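**Student:** Final position of the sequence shown in my numbering is 663; the numbers increase by one with none missing.
Quick reminder that beta carbons are idealized off the backbone N, C-alpha and C, glycines included.
Keep in mind the model is a prediction, meaning the values are calculated, not measured.
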Amino acid sequence: MLPTATPPDAQTPSPVPTPAVLNVEHSVNGRRWSWREGADNPATNRLGAALAQQLGIPEIVGRLLAMRGVSPEHAPHFLAPSLRALMPDPSCLTDMDKAAARMAQAVQAGETIGVFGDYDVDGACASAVLAAFFEQLGCSVLTHIPDRMTEGYGPNLPALEALVAQGATLLVCVDCGTASAPILNQLAGKADVVVLDHHKSEDALPDILATVNPNRVDCTSGLGHICAAALSFLATVATRRTLRQNGFFTAEHPQPDLRPLLDLVALATVCDVMPLQGVNRLFVAEGLKIMAARQRVGIAALLEVAGVSKAPDAFSCGFALGPRINAGGRIAEAALGLRLLRCPDVHDAKQMAERLDAVNRRRQDVEADILNRAMEQAAEQRDAGHGVILLAGQDWHPGVVGIVAGRIKERFNRPALVGAQQEDGSIKGSGRSVPGLDLGTVIIAARQAGMLKTGGGHAMAAGFSLDAGRLAEFHTFLNTRLPQAAALPPTVDLTIDAVVAVSGATAELAGDMAALAPFGAGNPEPLLALPNATIVRTDRIGRDGNTLRVLIRASNGSRLKALLFKAEGNPLAQVLEDATRPSLHLAGYLRAESWNGRTDATFFVQDVAHA
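(1) Return the residue from the list A233, D244, C228 that minimises the CA-CA distance to L215.
(2) Taking 8 angstroms as the threshold, find out whether the stretch 545-560 comes into contact with the stretch 645-656 through three or more Cβ pairs.
(3) Excluding five sequence neighbours on each side, which residues of the same chain lie with their C-beta closer than 8 angstroms to the C-beta of H129?
(4) Kindly indicate which residue of A211, V76, E385 has the alpha-carbon position closest to the one of L582.
(5) Kindly indicate which residue of F285, H438, I377 has the alpha-carbon position closest to the one of P541.
(6) Look at A457 and A444 and say whether their C-beta atoms are less than 7 angstroms apart.
(7) In three-state DSSP terms, what is S478?
(8) Would DSSP call T548 helix, strand or coil?
(9) How is the beta strand (DSSP E) around T221 delimited, first residue to last?
(10) Do you know how far the Cα of D476 is from the Cα of P308?
(11) Which of helix, strand or coil does DSSP assign to I383?
(12) Check whether the Cβ atoms of L295 and A158 sit closer than 7 angstroms, and answer yes or no.
(13) Would the stretch 604-615 and the stretch 577-592 be scored as touching if the rule is three or more Cβ pairs under 8 angstroms?
(14) With D400 and R348 assumed to form a contact (beta carbons below 8 angstroms), what rounded beta-carbon distance in angstroms separates them?
(15) So the candidates are Q297, K252, A303; which of them puts its Cα closest to the Cα of I278?
(16) Straight-line CA distance for N332 to M326?
(17) Which same chain residues, not among the five before or five after A498, have their C-beta less than 7 angstroms away from its C-beta?
(18) Would you tell me roughly how many angstroms separate the C-alpha atoms of G114 and A550, rounded to the nearest one?
(19) Opposite R611 in the DSSP bridges: which residues?
(20) Are the beta-carbon atoms of D174 and D324 separated by less than 7 angstroms?
(21) At what residue ranges does the stretch 477-562 contain a whole run of the beta strand (DSSP E), taking only runs of 3 or more?
(22) Can you tell me where the beta strand (DSSP E) holding P583 begins and where it ends?
(23) Using beta-carbon positions only, say whether F185 and A366 come within less than 7 angstroms of one another.
(24) Have a look at the DSSP bridge pairing and note the partners of A639.
(25) Going straight from the alpha carbon of H250 to that of G492, what length do you get?
(26) Grab me the residues of R463's own chain with a C-beta within less than 8 angstroms of its C-beta, minus the 5 sequence neighbours each way, in chain order.
(27) Just verifying my parser: in three-state terms, what is the DSSP assignment at Q446?
(28) Since H126 is in the alpha helix (DSSP H), which residue starts that stretch and which ends it?
(29) Measuring alpha carbon to alpha carbon, tell me which of G597, S517, L628 ends up nearest Q658.
Here is the structure:
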């Protein structure tokens with residue numbers, strides 16, 4: 053373990069403001085059950101009732117909408133998002149018209165276009181969006197995804213010059229480039245450059261043809277919450293419009309339908325943890341419909357390998373597809389995910405999907421090895437009073453440190469940064485933060501102070517590199533700039549949307565709540581509490597017996613099936629399986645599941661408390 057800083061004085065946590073749901077102050081998982089903001093507010097209940105009456109929906113759905121801040125004006129578009137109502141004009145983005153004009157010129161002239169993307173899901177999807185669009189219009193497209201280990205994040209001159217040497221006269225950097233002025237400025241006179249990025253940066257913008265970034269300081273689009281794939285999709289919309297205005301399309305060569313690209317946008321939006329509100333909700337809802345048709349060969353192959361047989365949802369994107377695509381960029385061939393997304397051949401796609409699946413399993417093994425050691429060190433820092441956790445290891449794989457940071461953040465409810473020491477003695481790492489603490493801004497400030505070699509990112513996630521000798525100094529800087537972190541409680545409250553009797557937890561209710569989908573960041577799936585549940589029977593199911601099936605009896609005699617995943621060694625399973633248990637309070641998600649023409653409710657257990 054490398055040395056870190058002496059912790060600052062810890063602050064006293066603020067008092068708990070409201071009574072716990074069902075008086076659960078300490079569940080089996082050690083969590084307090086609290087109401088989602090507004091759930092116990094009479095004004096929210098009144099608004100929910102008004103929404104229910106206005107829209108002809110069940111009152112509980114109206115309350116859930118009100119708790120998520122959905123107004124009567126926006127509720128119809130929330131429940132039924134449409135391109136007509138929610139699609140923004142791409143021209144609202146600074147430099148978009150310049151970018152679209154140059155891309156249209158390249159299409160009309162039949163130029164070769166080079167696309168340079170980041171090595172994560174968003175970068176791969178953004179690259180695939182542009183490649184599919186340009187190839188459909190007859191252009192030759194070259195793509196490059198940098199190797200995380202040898203090239204690092206962002207544009208690099210050798211790779212860009214290689215694209216130019218292969219004939220690219222227009223270079224488009226996606227999901228990167230805003231902070232790369234020193235590199236991109238060297239391409240003057242060699243190729244025109246367009247950046248389509250969404251990362252914050254306080255550095256001078258590149259002196260290039262166009263930098264389209266909703267988070268650049270002079271952009272007033274209000275689209276700072278979209279990912280790079282969504283931005284690339286808007287760029288195709290703008291370019292198609294310019295081509296149409298230029299008379300490029302004819303009866304023999306009509307303009308392309310861009311909606312089939314939205315499966316890629318949906319995948320990237322979910323995996324980049326963008327809030328599922330407004331245009332993002334539109335893109336994901338429409339994209340999931342397209343994904344369900346399994347017309348994109350690569351995504352269909354990956355769904356099959358991941359065992360997703362039903363219509364994919366946001367959960368499928370975030371936990372089945374995303375980790376497998378990311379695995380290539382983390383510990384294997386960086387471009388493999390993009391190659392799969394672009395692959396037209398079923399046989400080739402199957403082979404690539406199986407390879408990514410194998411790489412993902414290897415990634416899980418590497419991650420588990422590091423995580424065990426990192427958790428011990430994180431606990432030591434937490435106990436020593438550090439608000440921000442900063443770890444680095446000499447034999448840790450840089451491809452998984454971001455995942456490890458996320459796990460530590462979830463476990464200790466602290467911003468967590470994890471680095472891997474490189475052969476030259478420097479440390480390269482990633483950080484994850486908690487809501488309300490902007491990590492990206494602090495990382496940028498540390499870089500501007502000369503403490504970091506590189507650094508930047510979002511409020512919730514950031515990357516950095518520095519000399520190992522400055523690690524303790526950096527840790528002190530983080531603790532000083534984020535003093536609120538020391539006052540955070542050790543665990544995050546479990547946020548409950550509603551308390552529902554077991555007899556009321558029906559397939560009909562689950563279907564009503566499903567109208568709020570897609571669920572994800574910014575639109576959480578409703579979490580219900582079932583009070584005083586009587587457990588009738590439990591048994592282990594699945595190939596490895598790692599799923600616990602629970603049969604619950606309601607007061608009216610009806611039965612409800614519940615499932616607990618990852619039951620092996622899980623304290624929740626131990627309590628549920630205890631034959632001497634009294635009645636229990638359960639917290640979880642209620643979903644309707646269909647099998648052989650029959651639809652039943654299933655409750656997915658997330659926490660348990662003694663009644």
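**Tutor:** According to the data block:
(1) D244
(2) yes
(3) A137, L138
(4) V76
(5) H438
(6) no
(7) strand
(8) Reading off the sequence shown, one finds Ile at residue 548, where the question assumed Thr. Reduced to three states, the DSSP call for I548 is strand.
(9) 220-226
(10) 49 angstroms
(11) helix
(12) no
(13) yes
(14) Not confirmed; about 13 angstroms, so no contact.
(15) K252
(16) 7 angstroms
(17) L504, G507, F526, F529
(18) 12 angstroms
(19) R605
(20) yes
(21) 478-484, 506-509, 513-519, 546-548
(22) 580-593
(23) no
(24) A581, D659
(25) 13 angstroms
(26) M427, A430
(27) coil
(28) Here H126 belongs to no alpha helix (DSSP H), and DSSP marks it neither H nor E.
(29) L628
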